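Q:
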Amino acid sequence: MRKALSLGAKGKGSAFPNPPVGAVLVKRGAIIGSGWHRAKGDKHAEVLAIESARNTGHDTDGATMFVTLEPCCHHGATPPCVDAIISAKIARVFIACRDDFDSRVCGAGMSALRAAGIEVIDGFLENEGTELIEQYRVQRTENRAFLSLKWAQTADGHIATKTGNSQWISGERALRFAHRLRAEHGAVAVGANTAIVDNPRLTVRKYRSRHHPARVILAGDRELPASLNVLAGDVRTIVVRSSSDGERLPEHVEVVQISRDEDFWPIFLRKIFDMGIGSVLLEGGGEAITTAIRARIADKIHIAVAPRLIGGGKPAIGDLGINSLAESIDLDRVRFRKTGDDMVIIGYPQWT
Numbered sequence: 275m276r277k278a279l280s281l282g283a284k285g286k287g288s289a290f291p292n293p294p295v296g297a298v299l300v301k302r303g304a305i306i307g308s309g310w311h312r313a314k315g316d317k318h319a320e321v322l323a324i325e326s327a328r329n330t331g332h333d334t335d336g337a338t339m340f341v342t343l344e345p346c347c348h349h350g351a352t353p354p355c356v357d358a359i360i361s362a363k364i365a366r367v368f369i370a371c372r373d374d375f376d377s378r379v380c381g382a383g384m385s386a387l388r389a390a391g392i393e394v395i396d397g398f399l400e401n402e403g404t405e406l407i408e409q410y411r412v413q414r415t416e417n418r419a420f421l422s423l424k425w426a427q428t429a430d431g432h433i434a435t436k437t438g439n440s441q442w443i444s445g446e447r448a449l450r451f452a453h454r455l456r457a458e459h460g461a462v463a464v465g466a467n468t469a470i471v472d473n474p475r476l477t478v479r480k481y482r483s484r485h486h487p488a489r490v491i492l493a494g495d496r497e498l499p500a501s502l503n504v505l506a507g508d509v510r511t512i513v514v515r516s517s518s519d520g521e522r523l524p525e526h527v528e529v530v531q532i533s534r535d536e537d538f539w540p541i542f543l544r545k546i547f548d549m550g551i552g553s554v555l556l557e558g559g560g561e562a563i564t565t566a567i568r569a570r571i572a573d574k575i576h577i578a579v580a581p582r583l584i585g586g587g588k589p590a591i592g593d594l595g596i597n598s599l600a601e602s603i604d605l606d607r608v609r610f611r612k613t614g615d616d617m618v619i620i621g622y623p624q625w626t
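The sequence shown begins at 275 in the working numbering and counts up by one.
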């Protein structure tokens with residue numbers, strides 16, 4: 275199942291609006307086939323696993339399947355996966371978690387398999403399976419894009435020196451991790467100041483991926499120089515403005531108008547979702563990160579902490595209006611991932 279989970283993770287960002295799913299076929303203690311869902315309209319993980327087994331000369335009769343999400347039982351862009359599993363004469367299916375977010379499934383997939391005489395074991399590595407589809411859960415239940423926050427800071431909590439120098443706080447391995455995060459989202463966003471001062475490309479370069487997330491600049495009422503790296507190239511680029519006024523941008527750049535008030539983040543995440551983007555990775559800067567936290571809408575946080583001190587620099591997060599520890603925002607399900615000399619803290623903010 276861990277192999278299936280690892281495969282499924284490759285579909286993060288690109289599988290939208292479908293969930294990322296991985297599947298592995300095992301027979302006589304050996305893996306005979308595997309697959310993962312890449313994009314809407316493509317074959318599902320279960321079908322690819324069966325095909326890969328057959329293409330390498332393996333008989334699927336009596337095999338065991340490990341799949342990260344309950345197989346679908348309805349006709350959509352592709353035929354039902356339960357039909358493929360039944361036709362392949364698979365004897366046993368281990369499922370990480372039910373698909374309780376699609377009314378056409380919700381246990382019906384497992385029931386169909388059991389009715390066909392297939393042994394079904396669900397809830398196998400359920401927590402890991404649930405985390406794999408965390409973006410899908412928010413998309414289906416809240417009709418908005420999933421929002422991840424990510425920033426790099428020094429051990430004393432700064433994202434830049436007092437002169438604004440920030441490249442690069444993180445080491446090479448942490449930068450590769452950051453590019454993997456980009457590939458796992460539908461869009462990468464930064465504020466206007468970060469776009470102008472750091473002049474990032476916001477592309478995936480240090481991680482091999484066919485998925486190229488859209489680039490989003492939260493410009494507000496700032497003018498963006500035409501020479502910015504983020505405005506160049508053929509990657510989908512979106513500029514969010516607070517008014518209809520502003521300089522002319524390259525023809526390929528999409529412009530969205532959203533007022534910068536207290537409702538900005540909910541409106542933005544719903545709007546970007548309607549534009550076909552299911553998840554957003556906000557990389558900064560400090561002001562944008564702070565407003566997202568104050569809006570109490572971020573779903574996940576990644577903090578890359580580098581073992582260096584600068585003192586007197588720019589803080590990662592501004593004033594949140596918190597006056598006592600009792601008001602602090604706790605992170606749940608916290609994990610620590612060492613990437614080279616850096617430590618990445620990953621957690622889910624608790625808003626209630």
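Ideal Cβ positions, reconstructed from N, Cα and C, are used throughout, including at glycine. Model, not experiment: these values are computed from the prediction.
Compute the beta-carbon to beta-carbon distance between I591 and G621, rounded to the nearest angstrom, for a pair I have assumed lies under 8 Å.
A: Contact doesn't hold; Cβ gap of about 14 Å is too wide.
Q: Note down, one range per segment and in chain order, each alpha helix (DSSP H) of at least 4 residues found wholly within the region 502-570.
A: 538-548, 560-568
Q: Would the beta-carbon of L387 fall within 7 Å of that of V341?
A: no
Q: Given a threshold of 16 other Cβ atoms within 10 Å of its Cβ, counted over all protein chains shown, does A580 qualify as buried or as exposed?
A: buried
Q: Where A461 and Q409 are concerned, what is the direct C-alpha to C-alpha distance, given to the nearest angstrom?
A: 13 Å
Q: Answer with buried or exposed for I241, where buried requires no fewer than 16 other C-beta atoms within 10 angstroms of its C-beta.
A: With the chain running from 275 to 626 in the structure shown, residue 241 is simply not present.
Q: Just to confirm before moving on: does the CB-CB distance between L505 and P524 stay below 7 Å?
A: yes
Q: Which residues does DSSP list as the beta-bridge partners of A426?
A: A578
Q: Does any residue of chain D have a CB that is nearer than 7 Å to the CB of I324?
A: Any reference to chain D falls outside this structure, which holds one protein chain only.
Q: Measure the CB-CB distance between P294 and K286 and report whether it falls below 7 Å.
A: yes
Q: I532 and V513 look like a contact to me (Cβ under 8 Å); what is the Cβ gap, rounded to whole Å?
A: Taking C-beta atoms under 8 Å as the contact rule, I532 and V513 fail to qualify, at a distance of about 11 Å.
Q: Indicate the three-state DSSP secondary structure (helix, strand or coil) for S483 in the structure shown.
A: coil
Q: Tell me E393's beta-bridge partners as DSSP assigns them.
A: R366
Q: Which class does I360 belong to by DSSP, given the choice of helix, strand or coil?
A: helix
Q: Decide if F627 is buried, meaning its Cβ has at least 16 other Cβ atoms within 10 Å, or exposed.
A: It is not possible to answer for residue 627, since the shown part of the chain is limited to 275 through 626.
Q: Determine the burial state of R456: buried for a count of at least 16 other Cβ atoms within 10 Å of its Cβ, exposed for fewer.
A: buried
Q: In three-state terms, what does DSSP make of F217?
A: Nothing in the structure corresponds to residue 217, since the chain is present only between 275 and 626.
Q: Assuming V471 is part of the beta strand (DSSP E), what are its boundary residues?
A: Run containing V471: none in the beta strand (DSSP E); it sits in the alpha helix (DSSP H), 466-471.
Q: When you compare the CB positions of L423 and I563, do they come within less than 7 Å of one another, or not?
A: With respect to the 7 Å criterion, L423 and I563 are classified as neighbours on the basis of their beta carbons.
Q: Straight-line CA distance for D508 to A283?
A: The straight-line gap from Cα to Cα measures roughly 26 Å.
Q: Hey, quick one: how far does the alpha helix (DSSP H) through K301 stretch, first residue to last?
A: Where K301 is concerned, there is no enclosing alpha helix (DSSP H), although the beta strand (DSSP E) it sits in stretches over 296-301.
Q: Can you list, in chain order, the residues of its chain with a C-beta nearer than 7 Å to that of H311? Leave out the 5 residues immediately preceding and following it.
A: G285, A289, N292, P294, V295, H318, A319
Q: What residues match up with G494 in a beta bridge as DSSP calls it?
A: R515
Q: Please identify the residue among R411, W442, S483 whose C-alpha is closest to the C-alpha of N473.
A: W442
Q: Keeping to the same chain, check which residues put their C-beta closer than 8 Å to that of D593; ignore five residues upstream and five downstream.
A: T564
Q: Considering Cα atoms alone, identify which of I619, D333, R489 is closest to E235.
A: Absent from the model: residue 235. The displayed extent of the chain is 275 to 626, so no value can be given.
Q: Since T334 contacts I324 with CB under 8 Å, what's their CB separation in whole angstroms?
A: Right, the Cβ-Cβ distance comes to about 6 Å (below 8 Å), so this counts as a contact.
Q: Roughly how far, in whole angstroms, is the beta-carbon of F398 from the beta-carbon of A434, given that I think they are within contact range, below 8 Å?
A: No, F398 and A434 are not in contact; Cβ-Cβ is about 45 Å, not under 8 Å.
Q: Buried or exposed for S501, please, with buried defined as at least 16 other CB atoms from any protein chain shown within 10 angstroms of its CB.
A: exposed
Q: Have a look at the DSSP bridge pairing and note the partners of K612.
A: In the DSSP assignment, K612 forms a beta bridge with M617.
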